[in-house]
Amino acid sequence: MTMVKTPQEIEAALSKELCYTKYAAKTLRPLRGGTANFVYHAQLHEPLPSGISEVLVKHGEGYVAANPDFALTTLRCEIESLSMRMLSNLPHVTSPGYDVSTPEMYYFDCNTNTQIHEYLPNAINLKDYALKHYQRPVSTEIKVQCIQLGEALGEWLRKFHIWGGEFDGGAQLQAPVMRNQVAWNSDMQALKKTLNYDQLLRMEQEFPGLLEDQRHVLQEIINMVAAERQDQSRLDVIHGDFWTGK
2 MTMVKTPQEI
12 EAALSKELCY
22 TKYAAKTLRP
32 LRGGTANFVY
42 HAQLHEPLPS
52 GISEVLVKHG
62 EGYVAANPDF
72 ALTTLRCEIE
82 SLSMRMLSNL
92 PHVTSPGYDV
102 STPEMYYFDC
112 NTNTQIHEYL
122 PNAINLKDYA
132 LKHYQRPVST
142 EIKVQCIQLG
152 EALGEWLRKF
162 HIWGGEFDGG
172 AQLQAPVMRN
182 QVAWNSDMQA
192 LKKTLNYDQL
202 LRMEQEFPGL
212 LEDQRHVLQE
222 IINMVAAERQ
232 DQSRLDVIHG
242 DFWTGK
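Per the numbering used here, numbering of the sequence shown is gapless, rising by one per residue and ending at 247.
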């Protein structure tokens, strides 16, 4: 069983780890958001050669940060770090007013499962941004901006799917290392199946009558997903964080 650490123990260990790197932190401030990992804003003792003085620190343990009783393999941290490094090679998508790209990852220690990422101040998720700035009635100018943003996001996501290993006539197009690495993480595949699909039937049992007449449809979907997991050639890489926010 994985030993659960207190927040103070984790912060102390991170400070000690980073003090031997160029990311030595004057302060570590916990950030909201995220479920599986511990995430912090770090103010560096010395700016990086690029002038950057703030970074995001992401640390994984063998359990879910938001629910320590929920065990979770740290293999996810290795796969995430590889994914981030490979995504840095994916070209930006630019349009009038928008630049779609992945934040840069600077550092990863596979022994401690600690990552250092580019820090984006004043970040906001798409849903909150839209609710704040796109009030009714929506002007023609705003509609044009929304269309441009949607097209830019859609173009980036399409490039990601092609790059990540879509198949064309049975031939993998790009990034075989990425695809194979993600496929290796069977524990997370099983977890996502449980949370996203198996739980549907549990919800139907918890709220009888709500989905009762659709139970056979839900079961067919679950069976389809289970069959797909048995045949790796039918699986594609998806972007788990490509969403609007809560």
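For every residue, glycine included, the Cβ atom is placed at its ideal position computed from N, Cα and C.
In this structure, how does DSSP classify residue i when only helix, strand and coil are distinguished?
i, result
"T103", "coil"
"F161", "helix"
"V238", "coil"
"D188", "helix"
"A153", "helix"
"P8", "helix"
"T113", "coil"
"Y130", "helix"
"D199", "helix"
"E62", "coil"
"E47", "coil"
Work out the CA separation of residue j and residue i for me, nearest whole Å.
i, j, result
"L253", "R235", "Within the shown structure, residues of the chain are numbered from 2 to 247, placing residue 253 beyond reach of any answer."
"D242", "N112", "25 Å"
"N224", "L83", "31 Å"
"M106", "Q206", "43 Å"
"Q9", "A153", "41 Å"
"F168", "N90", "Its pLDDT being 46, under 50, F168 is placed unreliably by the model, and the measurement read from it follows with that caveat. So the alpha carbons of these two residues sit roughly 20 Å apart."
"K70", "K6", "The displayed chain sequence assigns Asp, not Lys, to residue 70. Their Cα atoms are separated by approximately 12 Å."
"Q146", "V94", "15 Å"
"Q136", "I125", "17 Å"
"E81", "D129", "26 Å"
"M87", "P209", "45 Å"
"I148", "L15", "42 Å"
"A131", "K144", "12 Å"
"G171", "P92", "For G171, the predicted model reports a pLDDT of 41, less than 50, meaning its position is unreliable; a value from the coordinates is still stated below. Each residue's alpha carbon lies about 25 Å from the other."
"N38", "M4", "15 Å"
"L29", "I11", "11 Å"
"K160", "S102", "11 Å"
"I163", "K193", "22 Å"
Report yes if the CB atom of residue i is closer than 8 Å to the CB atom of residue j, and no otherwise.
i, j, result
"T36", "A72", "no"
"R230", "Q190", "yes"
"T245", "L127", "yes"
"H240", "L150", "no"
"Y24", "A43", "yes"
"V40", "L49", "no"
"L76", "D237", "no"
"L45", "S54", "yes"
"Q249", "A184", "Missing from the structure shown is residue 249; the chain here goes from 2 to 247 and no further."
"P97", "L121", "no"
"D110", "E18", "yes"
Under the rule that 16 or more other beta-carbon atoms within 10 Å means buried, what is residue i, buried or exposed?
i, result
"L196", "exposed"
"A227", "exposed"
"M85", "buried"
"A26", "buried"
"R180", "buried"
"C78", "buried"
"M165", "According to the sequence shown, residue 165 is Gly rather than Met. When all chains shown are included, G165 counts as buried."
"E142", "exposed"
(request) Count the C-beta pairs between the stretch 107-124 and the stretch 49-63 that are closer than 8 Å, then say yes if the count reaches three, no if not. (result) The stretch 107-124, when compared against the stretch 49-63, does touch it at the 8 Å Cβ threshold.
(request) Report yes or no: do the stretch 215-222 and the stretch 192-204 share at least 3 C-beta pairs separated by less than 8 Å? (result) Short answer: they touch.
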